[in-house]
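Only one structure is covered here, and it is reproduced in the block below.
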Amino acid sequence: MNDGETLLRHQRFRQFLSSFQENGENIYHSRIKGLLSKTSLSLQQPHTTNDYFRLVVDLNHIRDFDPALCFKLQMEPSSCIPTFELALNEEIQRMDSKYFDMNTSSRNFIGLTGNAMHHISPRFLQSCHIGKIVCVEGIITSCSSICQRLLSSIHYCEATKKFLKVEYLNNNSSENFFINPIPVEDSEGNILDFEFGLSDFVDTQKIVLQDLPEKSPVGQLPRSVECILECDLCDTIKPGDRVKVYGIYRVLSIPGQSNRKQSVAKLALIVNNIDKIKGYISPLNDISVKDGVLIHQLSQCPNIFDILSNSVAPSIYGHDIVKKALLLLMLGGVEKKFEDTFTKIRGNINILLIGDPSTAKSQFLRFVLNTSPLAISANARSSSGVGLTAAVVSDSSTNERTLQAGAMVLADGGIVCIDELDKMTDVERVHMHEVMEQQTFSVFKAGIAVSLNARCSVLAACNPIYGKYDRSISIQRNIQLPDSLLSRFDLVFVLTDDNDSLLDREIATHVLSSHKYFHDSLKQELLKDELNSTLFSLKKDYADEISYSDAENIIKNQRILIHPFLEMISQKYVQLRNQFMNVNSQRKTYAPITPRTLESLIRLSAALAKLHLRDEILEQDVEMIFNIFDSSLDYLNCGMKRQQMMTLSELPSKKKKKDSSNKNNNNNNITPPNFDYVSYLRNHLIRKTQSGSIPLHEFKQFILGQTPKMVEEDVLDLTLQQFHEQGFCVLSPDMNNVHTIYRFS
1 MNDGETLLRH QRFRQFLSSF QENGENIYHS RIKGLLSKTS LSLQQPHTTN DYFRLVVDLN
61 HIRDFDPALC FKLQMEPSSC IPTFELALNE EIQRMDSKYF DMNTSSRNFI GLTGNAMHHI
121 SPRFLQSCHI GKIVCVEGII TSCSSICQRL LSSIHYCEAT KKFLKVEYLN NNSSENFFIN
181 PIPVEDSEGN ILDFEFGLSD FVDTQKIVLQ DLPEKSPVGQ LPRSVECILE CDLCDTIKPG
241 DRVKVYGIYR VLSIPGQSNR KQSVAKLALI VNNIDKIKGY ISPLNDISVK DGVLIHQLSQ
301 CPNIFDILSN SVAPSIYGHD IVKKALLLLM LGGVEKKFED TFTKIRGNIN ILLIGDPSTA
361 KSQFLRFVLN TSPLAISANA RSSSGVGLTA AVVSDSSTNE RTLQAGAMVL ADGGIVCIDE
421 LDKMTDVERV HMHEVMEQQT FSVFKAGIAV SLNARCSVLA ACNPIYGKYD RSISIQRNIQ
481 LPDSLLSRFD LVFVLTDDND SLLDREIATH VLSSHKYFHD SLKQELLKDE LNSTLFSLKK
541 DYADEISYSD AENIIKNQRI LIHPFLEMIS QKYVQLRNQF MNVNSQRKTY APITPRTLES
601 LIRLSAALAK LHLRDEILEQ DVEMIFNIFD SSLDYLNCGM KRQQMMTLSE LPSKKKKKDS
661 SNKNNNNNNI TPPNFDYVSY LRNHLIRKTQ SGSIPLHEFK QFILGQTPKM VEEDVLDLTL
721 QQFHEQGFCV LSPDMNNVHT IYRFS
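Right, here's the structure in full:
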């Protein structure tokens, strides 16, 4: 490029900075004035530095001002950006002649934003983009520590008593990209001493930008690109952040290989500006006004929850409650922040699926993975705790410590599907505790101290450690998970493979019908007819059209007012906790009911209200959520209904009344506290039936005749009936004999 063309571009850049207006305001002139005012204030305060200033310029504004200039800027940034920055310095000098006298170390930069010609992901970076401005969209997976790069070095020669200054090429230069060697002697062979204190350095940092998980092709590994940050851009982002990076895609030199012939070059993105993306890229922008109206109308359907839950994993037969729970998980609750105490309550919903092999756990995970806008899959068998959260690793080329994000950090704002959770060790599972409740992960290792956002829902599946779920022991013993982790799951479901001929026949019919070619289309037509009939039956009048902003506000509604039914939720929670605490004193097979359960109920109710696009939780929402929660407990607590739990919880009070009338009797007839009567009855039943069946009345007489008396007769009858329903023992049709099926050591 000749000097005349450079001078012309320089003049056009100065005209743009001084004269471009938007809505009648010279926006860049105002931003430069803001810089000067901040600089004057910082000079009045001690121990403050203001060495860098980056003026962010919108490419759309340059395109409106001079399309040819915008084109040249993006095609030849190595020559245009220094000219643009020179014009900026001259404009600052014109507005304040003393600025550079007071800020001798100040460096001013031009940052680009807006619609670039090449807006791509790391996967589509090619050789044709080398030397041009590109906008790359992705997620940060790794960040190195900040180091320093030489701008100019000062060397002193003892023999000649002179100083030598050496300039080094910056990353924006279009000249030879090989690294300049640091001189150790001058042209005459005299030794040079490196004066570090007089040399100029600049901060630099390396990051790795990877394809967004939701935009990566299915079955292909995500691609990544190395990015280099300098000066004020360093330490502005961290792993897990979703960003748009503007920069020059160019060839880098490799230390120690400047004189070697290479057929493969190392490429990197020299970053010019960074725009953060809030959350994941939502498909909301693709929703038309017509679709927005349809969504609004569907949200008013009274049975929309049932209709949508029927569409969850349609290839799986049954498990309607589990499907409704998964729908609530994908909807999510509402995060609440308390500014006065700087605390927050998570809005993401966590669900755990426990069950025998071949009970469709992995299929549920696969459906959520393929349906949610942002979902990441992880297998606990092949993943470590730091692999799920974040790890500090050493760079093989520079031996620097870098921070790499794990699955939960990468899924910030989405869902993590974890299979085989029981295969992780206790030490590895501890890493999940902070993420599941606080929605962050803190790293304090190898000199790195950072807190990463991991605001994701967790859908996990695990198998019983003995292969098949044992209904006679607690859930903790079945899966070897501590209460501290179980309490972080809002809903826990146990899926068992029961021997039921009727259910087996229905499952077989459903599986066979799914292989017929017309099954999917037929089901879709039935669902479409149901939706149309529901819409037609609505009596409420809707506007023919609504604005896009209204549709966006409706769909992204986040204000949930739960005050009208806080008392209702509170009363039900207290009742539930009292019942299960009473039952748990007799039988230790239940999941913990803690204050986290109350927050779970609120989150689930908020998710259901969001489905109807309401800004408040109604009584019917609370009732539906408690039905789902009760069903979850039915799955979990060995098939025992909550009404039966209530019966058992009332038994101790009856016993106390009976004992109060005979309190002067022998004190030996007192049941020990925290007595596990289920294990007591199971062990005696196994011993008595070693040789075969025995009369039922003989066994009951033996149990009730023990001293001290451990179990009341009504509790004994109920427990034996449960043993029969669970397949542990068999009661004869005439209820005269009993024998066990399983033998335990």
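The opening residue of the sequence shown carries number 1 in full-length UniProt numbering; numbering runs sequentially from there.
Don't be surprised by glycine CBs; every beta carbon is placed ideally from N, CA and C.
All values derive from a computational prediction rather than experimental measurement.
Straight-line gap, residue i to residue j (C-alpha atoms, nearest Å)
i: glycine 351; j: glycine 114; result: Reading the sequence as shown, one finds isoleucine at residue 351 and not glycine. Their Cα atoms are separated by approximately 40 Å.
i: valine 134; j: cysteine 80; result: 15 Å
i: leucine 326; j: leucine 374; result: 15 Å
i: serine 358; j: isoleucine 465; result: 15 Å
i: leucine 681; j: leucine 633; result: 23 Å
i: glutamine 706; j: leucine 328; result: 50 Å
i: arginine 455; j: leucine 221; result: 24 Å
i: glycine 138; j: tyrosine 249; result: 15 Å
i: asparagine 453; j: leucine 252; result: 32 Å
i: lysine 688; j: aspartate 714; result: 20 Å
i: glycine 387; j: serine 474; result: 30 Å
i: asparagine 668; j: valine 711; result: Confidence is the limiting factor: at asparagine 668 the pLDDT is only 41, short of 50, which leaves the residue's position unreliable, though a coordinate-based value still follows. Asparagine 668 and valine 711: Cα-Cα distance of roughly 14 Å.
i: valine 245; j: proline 67; result: 22 Å
i: asparagine 463; j: leucine 353; result: 9 Å
i: serine 152; j: phenylalanine 109; result: 18 Å
i: lysine 266; j: serine 127; result: 11 Å
i: valine 738; j: proline 695; result: 6 Å
i: isoleucine 140; j: leucine 502; result: 52 Å
i: leucine 35; j: glutamate 91; result: 12 Å
i: arginine 366; j: glutamate 25; result: 53 Å
Collapsed DSSP secondary structure at residue i in the structure displayed
i: isoleucine 354; result: strand
i: serine 474; result: coil
i: isoleucine 32; result: helix
i: threonine 359; result: coil
i: glutamine 11; result: helix
i: phenylalanine 84; result: helix
i: lysine 411; result: Here residue 411 is alanine; the residue named in the question, lysine, does not match the sequence. DSSP places alanine 411 in coil when its eight states are reduced to three.
i: lysine 165; result: strand
i: residue 827; result: Outside the shown range of the chain, which is 1 to 745, sits residue 827, and nothing can be said about it.
i: valine 312; result: coil
i: aspartate 320; result: helix
i: arginine 63; result: helix
i: glycine 197; result: strand
i: asparagine 273; result: strand
i: arginine 596; result: helix
i: lysine 206; result: strand
i: isoleucine 349; result: coil
i: leucine 138; result: The sequence as given places glycine at residue 138; leucine does not occur at that position. In the structure shown, glycine 138 sits in a strand (DSSP, three-state: E or B).
i: proline 373; result: coil
Contact under 7 Å by Cβ, residue i with residue j
i: valine 243; j: isoleucine 207; result: no
i: lysine 336; j: isoleucine 349; result: no
i: valine 416; j: glutamine 404; result: no
i: isoleucine 307; j: alanine 360; result: no
i: glycine 333; j: alanine 606; result: yes
i: phenylalanine 493; j: valine 322; result: yes
i: phenylalanine 364; j: alanine 313; result: yes
i: glutamate 87; j: arginine 31; result: The sequence shown places alanine at residue 87, rather than the glutamate named in the question. For alanine 87 and arginine 31, no; Cβs fall outside 7 Å.
i: leucine 125; j: valine 271; result: no
Spatial neighbours of residue i in its chain, beta-carbon cut-off 8 Å, leaving aside the 5 residues before and after
i: histidine 118; result: Gln74, His129, Lys132, Ile133, Val134, Cys135
i: serine 121; result: Val136, Glu137, Gly138, Asp211, Leu212, Lys215, Arg223
i: serine 362; result: Asp419, Ala461
i: glutamate 5; result: none
i: leucine 561; result: For leucine 561, the predicted model reports a pLDDT of 45, less than 50, meaning its position is unreliable and no value from the coordinates is stated.
i: asparagine 478; result: Ile354, Pro464, Ile465, Tyr466, Tyr469, Asp470
i: threonine 719; result: Tyr677, Val678, Leu681, Val711
Own chain, CB closer than 7 Å to residue i, minus 5 neighbours either side, in chain order
i: aspartate 186; result: Cys157, Leu164, Leu192
i: valine 56; result: Gly111, Thr113, Asn273
i: aspartate 412; result: Gly240, Asn453, Ala454, Arg455, Cys456
i: lysine 572; result: Phe626
i: glutamate 458; result: According to the sequence provided, residue 458 is valine. The question's glutamate does not apply to it. If we look at valine 458 and ignore the five residues flanking it on each side, its Cβ neighbours are Asn350, Val416, Ile418, Met436.
i: arginine 123; result: Asp211, Arg223
Residue i: CB within 6 Å of a non-hydrogen atom of the ligand SAM
i: glutamine 701; result: The ligand SAM is absent from the structure shown, which contains no ligand whatsoever.
Close Cβ partners of residue i (< 6 Å) along its chain, the five nearest in sequence each way excluded
i: alanine 391; result: Gln404
i: aspartate 3; result: none
**OP:** Note down, one range per segment and in chain order, each alpha helix (DSSP H) of at least 4 residues found wholly within the segment 416-472.
**Re:** 426-429, 431-438
Original post:
Can you give, in chain order, each stretch of the alpha helix (DSSP H) that sits fully within the segment 92-124 and has at least 4 residues?
Top reply: 99-102
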